[in-house]
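Asks: First, the structure itself, so that you have it in front of you.
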Amino acid sequence: MRVEETMSTFEDRGNEIRALSKALVLDFMQSNPLCQPTAEGMKLAAIFRACGFDWGDYPKTTSSNQQYWVSAIVQELASEGKIIRVSESGPWRLTE
5 MRVEETMSTF EDRGNEIRAL SKALVLDFMQ SNPLCQPTAE GMKLAAIFRA
55 CGFDWGDYPK TTSSNQQYWV SAIVQELASE GKIIRVSESG PWRLTE
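Read left to right, the sequence shown gives residues 5 to 100 (my numbering).
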């Protein structure tokens, strides 16, 4: 396999993982009563843990540092109009 093919394969796998991760977060929110459009919403940390993205604390890679991955996912879902942030630093919920 050539280097270009290998890199493309890794990039494709990464894109698939991102798509699956985004679908997991959305599926979780759709199934959780706190995330419904008229509910209070759910904090990012709780979504992060409930979806199994927490690897635990490691030196220089604490659980709270690992939440940036889910932060990007919810921002992407918000840009698609699927979820909203209830307040500036508040919880997230579905739009409809």
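We treat Cβ as the ideally placed atom computed from N, Cα and C, and that holds for glycine.
Which same chain residues, not among the five before or five after K86, have their C-beta less than 8 Å away from its C-beta?
Replies: Your numbering for residue 86 matches position 82 in the sequence shown. Hits under 8 Å: L30, L98 and T99.
Asks: Could you tell me which of T10, R89, M11 and S12 sits nearest to I51, measuring between CA atoms?
Replies: As a working mapping, residue 51 is identified with position 47 in the sequence shown. Checked all of T10, R89, M11 and S12; the closest Cα to I51 is R89.
Asks: Return the residue from the list P37, P63 and P95 that minimises the CA-CA distance to V78.
Replies: As a first step, residue 78 is located in the sequence shown; it is residue number 74 there, counting from the start. Considering only alpha carbons, the answer is P95.
Asks: Restricting to runs no shorter than 4 residues, where is the alpha helix (DSSP H) found entirely within the region 28-66?
Replies: Counting whole runs of 4 or more residues, the region 28-66 contains the alpha helix (DSSP H) stretches 48-54.
Asks: For the alpha helix (DSSP H) containing E80, list its first residue and its last residue.
Replies: Taking the first residue of the sequence shown as 1, we reach residue 80 at position 76. Counting along the chain, the alpha helix (DSSP H) containing E80 begins and ends at Y72 to S83.
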